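In the numbering used here, the protein residues as written are 12 to 370.
Worksheet: one structure, shown below.
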Ligand code: FNR
C-alpha cells in the first residue's frame, strides 16, 4: 500500500493488536463526544431559496430518485459513515440498517479496517448487510490503507460502493494520529483501482475544495462527498481527547459543504454529495439546489438510532416525506430540477464565495 505498514489509523484503522482495545474505546468515545456537541447555526443558514407563492407543484408528483455516479438512489439523502467496531456501535449499525431497509435510504458503515485487524469486531459491520439484503450499502475505509484492504472491506460489508475518507485535519489533532500524508494521492489512486466497486471520496468535516475536487477527478474518482465544516467537528472531538487540549482554536477549521458546492467547477465531471451539518430536510434541499446529488447525514441520524428501531424508522420516513414536501413547495418535481431553483446566498457564505472567485 501507498503508506505501508504504518498506515493511517484514521477513524479507527491501525496496525498492532496491542492497539485493539484502545481503538475500540475510541469508537465508543467518538459516538459520545459527537453526541455531546451542540448543533450550531452554519452556512446552510446563508442559503435562502426564493419562494414563489404560485410556484408549488403536487406533492405526489415529486420523484425523489437521484443519480449518483452509476447508481440510482431512491431518495436524495443517506446515512453517512459513522461506526462499528464495538458491541454498542454494532447495535447502532443494526438499528440504522433496519431503518435504511424500511425506508429505502442508502447507508454507509463507519471505517471498517478495524475489522480487518481484529476479526472479532466484524459482526458490528456485517450486521448492516444482514439486516438490509437489497438496500444500497457503502463500506468505509481511511486513505493510506492498501487497495487489497479496501477490497476486503467491500467484501466484508457486502458493499455496493466504498466511501474513502480523507481526514488530515482529524489526524493532526488526534493524539495518536497519522503524521505522513505525502502518500495519500497514490493511496487514493490505488484504492480506486482495486476496490472492485465505485469509490466515493469523502471528507469528515473540513471540506473538499475546488482544487482537490479537480485532483480527485484526475485520479479517476467519479463521486465526491464534500464533507464540510458546520456539523460534527472532529477537530473538537479529537482535541478533547488530548490531555492539554492545545488545538481548541482549530474548531471550525475548513470549508462548509455549501461553499464547496458553490465553488465547484461545473465541468469537472464529478457527481457531488453534500454532508457536514445537514440538520434538517431543508438542509438536504438546500444542498440539492446548490448542485448536490444527495446529502449525507450522520449526527442527526445517530440521535434517531439511539432512540431505537421504531424512532429510527419513523424519523427516516419523516425526513423522506419532508424532503418531498419541500421540493413540491419549490416547484421541483425531480431532484435535478431542484438545481434550477432560485436561491439567495447571504452573509459570510456570500463573502467567502466571492473571495473564492464566485460572483
Ligand atoms: C463520523 N464520521 C465518519 N466518517 C467516516 O468517513 N468514517 C468514520 O468512521 C466516521 N466516524 C464517525 C463517527 C461518528 C460518531 C460521527 C458522528 C461521524 C463523519 C461523518 O461521516 C460526517 O462526515 C460528519 O459527521 C459530518 O456530518 P454530520 O455529523 O454533521 O451530519
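A virtual CB, placed ideally from N, CA and C, is assigned to each residue, including glycine.
Computed from a predicted structure; not experimentally measured.
Output the distance between the C-alpha atoms of residue 86 and residue 331, rounded to the nearest integer angstrom. Working through the chain shown from its first residue, we reach residue 86 at position 75. Working through the chain shown from its first residue, we reach residue 331 at position 320. Straight across, the Cα-Cα distance linking residue 86 with residue 331 is about 7 Å.
Rounded straight-line distance, which links the Cα of residue 249 to that of residue 38: Within the chain shown, residue 38 is the residue found at index 27, counting from 1. Within the chain shown, residue 249 is the residue found at index 238, counting from 1. Roughly 12 Å between the two C-alpha positions.
6 Å Cβ shell around residue 182 - same chain, five flanking residues per side excluded: Walking along the chain shown from the start, residue 182 turns up at place 171. Closer than 6 Å at the Cβ level, and outside the excluded window around residue 182, lie 188, 189.
Between the Cα of residue 277 and the Cα atoms of 45, 221, 155, 158, which residue gives the shortest distance? By 1-based counting over the chain shown, the position of residue 277 is 266. Taking only the C-alpha atoms, the option nearest residue 277 is 221.
Give the straight-line distance between the Cα atoms of residue 368 and residue 288, rounded to the nearest whole angstrom. Position 357 of the chain shown, counting from 1, holds the residue named residue 368. Position 277 of the chain shown, counting from 1, holds the residue named residue 288. Spanning the alpha carbons of residue 368 and residue 288 requires a straight line of approximately 24 Å.
Distance, Cα to Cα, residue 175 vs residue 73? Here residue 175 refers to the residue found at position 164 when the chain shown is read from its first residue. Here residue 73 refers to the residue found at position 62 when the chain shown is read from its first residue. Their Cα atoms are separated by approximately 32 Å.
Give me, in chain order, the residues of the same chain whose beta-carbon lies closer than 7 Å to that of residue 165; leave out the 5 immediate sequence neighbours on both sides. Sequence index remark: in the chain shown, residue 165 carries index 154 (1-based). Apart from sequence neighbours up to five positions away, the residues of its chain that approach residue 165 with a beta-carbon distance below 7 Å are 150, 173, 206, 207, 208, ordered along the chain.
Please indicate yes or no: does the CB of residue 93 lie closer than 7 Å to some heavy atom of ligand 1? In the chain shown, the residue the question calls residue 93 occupies position 82. Flag set: Cβ of residue 93 near ligand 1.
Alpha carbon to alpha carbon, how far is residue 63 from residue 244? Give it in angstroms, no decimals. Locating residue 244 in the chain shown gives position 233, where the first residue counts as 1. Locating residue 63 in the chain shown gives position 52, where the first residue counts as 1. The alpha-carbon separation between residue 244 and residue 63 amounts to approximately 35 Å.
The alpha helix (DSSP H) enclosing residue 329, as first and last residue numbers: Within the chain shown, the letter at position 318 stands for residue 329. Taken as a continuous stretch (DSSP letters only), the alpha helix (DSSP H) holding residue 329 covers 320 to 340.
Could you have a look at residue 58 and say whether DSSP puts it in helix, strand or coil? Residue numbering aside, residue 58 sits at position 47 when the chain shown is read from its first letter. Strand, per DSSP.
Inter-residue spacing [alpha-carbon to alpha-carbon] between residue 115 and residue 146: Looking up residue 115 in the chain shown gives position 104. Looking up residue 146 in the chain shown gives position 135. Distance from the CA of residue 115 to the CA of residue 146, rounded to the nearest whole angstrom, comes to 7 Å.
Can you tell me which residues form a DSSP beta bridge with residue 213? Taking the chain shown and counting its residues from 1, the one referred to as residue 213 is at position 202. Note: residue 213 sits in a beta bridge opposite 176, 236.
Pick out the complete alpha helix (DSSP H) segments inside the stretch 53 to 106, 4 residues or longer, and give them in chain order. Contiguous alpha helix (DSSP H) elements confined to the stretch 53 to 106 do not occur, taking only those with 4 or more residues.
Quick one: residues in its chain with C-beta nearer than 6 Å to the C-beta of residue 103, no 5 flanking neighbours on either side, listed in chain order? Position 92 of the chain shown, counted from the first residue, corresponds to residue 103. 94, 316.
My understanding is that residue 273 touches residue 356, with C-beta atoms under 8 Å, so please give their C-beta distance in whole angstroms. Here residue 273 corresponds to residue number 262 of the chain shown, with the count starting at 1. Here residue 356 corresponds to residue number 345 of the chain shown, with the count starting at 1. Between residue 273 and residue 356 the beta-carbon gap is near 7 Å, inside 8 Å, which marks them as a contact.
Report the CB separation of residue 246 from residue 180 in whole angstroms; it is logged as a contact under 8 Å. Taking the first residue of the chain shown as position 1, residue 246 is located at position 235. Taking the first residue of the chain shown as position 1, residue 180 is located at position 169. Here residue 246 really is in contact with residue 180; their C-beta atoms are around 6 Å apart, less than 8 Å.
Within 8 Å, strictly: CB atoms of residue 306 and residue 88: Looking up residue 306 in the chain shown gives position 295. Looking up residue 88 in the chain shown gives position 77. For residue 306 and residue 88, yes; Cβs fall inside 8 Å.
As assigned by DSSP and simplified to three states, the class of residue 307: Residue numbering aside, residue 307 sits at position 296 when the chain shown is read from its first letter. Strand, per DSSP.
Using alpha carbons as the reference points, say which of 298, 140, 162 lies closest to residue 383. Residue 383 is absent from the model: the chain starts at 12 and stops at 370.
Closer than 7 Å: residue 387 CB and nearest ligand 1 heavy atom: With the chain represented from 12 up to 370, any question about residue 387 goes unanswered, as that position is not in the structure.
Per DSSP, what kind of secondary structure is residue 253 in: helix, strand or coil? Mapped onto the chain shown, residue 253 falls at position 242. In the structure shown, residue 253 sits in coil (DSSP, three-state: anything other than H, G, I, E or B).
Can you pull the DSSP bridge partners for residue 345? Sequence index remark: in the chain shown, residue 345 carries index 334 (1-based). Here residue 345 is bridged, per DSSP, to 74.
Assign residue 282 to one of three DSSP states: helix, strand, or coil. Here residue 282 is taken as the residue at index 271 of the chain shown, counted from 1. Strand at residue 282.
On a CA-only basis, which of 219, 329, 320, 184 is nearest residue 234? Give me that one, please. Reading the chain shown from its first residue, position 223 is the one you call residue 234. Selected option, being the one with the closest Cα: 219.
Considering only the alpha carbon of each residue, which of 156, 141, 160 lies closest to residue 191? Start at 1 with the first residue of the chain shown, and residue 191 comes out as number 180. If we check each option's Cα against that of residue 191, 156 comes out closest.
Examine ligand 1 and report whether any of its heavy atoms sits within less than 7 Å of the Cβ of residue 291. Taking the first residue of the chain shown as 1, we reach residue 291 at position 280. Residue 291: no, Cβ never under 7 Å from ligand 1.
Answer yes or no: the CB of residue 41 versus the heavy atoms of ligand 1, is any distance below 7 Å? Locating residue 41 in the chain shown gives position 30, where the first residue counts as 1. Yes, the beta carbon of residue 41 sits closer than 7 Å to at least one heavy atom of ligand 1.
Assuming residue 202 and residue 158 form a contact by the criterion Cβ under 8 Å, report the distance between their Cβ atoms to the nearest whole angstrom. Position 191 of the chain shown holds residue 202. Position 147 of the chain shown holds residue 158. Taking C-beta atoms under 8 Å as the contact rule, residue 202 and residue 158 qualify, at a distance of about 5 Å.
Enclosing beta strand (DSSP E) for residue 301 [first to last residue]: Start at 1 with the first residue of the chain shown, and residue 301 comes out as number 290. From DSSP, residue 301 is part of no beta strand (DSSP E); its letter is neither H nor E.
What does DSSP give as the partner residue(s) for residue 273 in the beta ladder? For the purposes of this step, residue 273 is taken as the residue at position 262 of the chain shown. Bridge pairing for residue 273: absent [DSSP].
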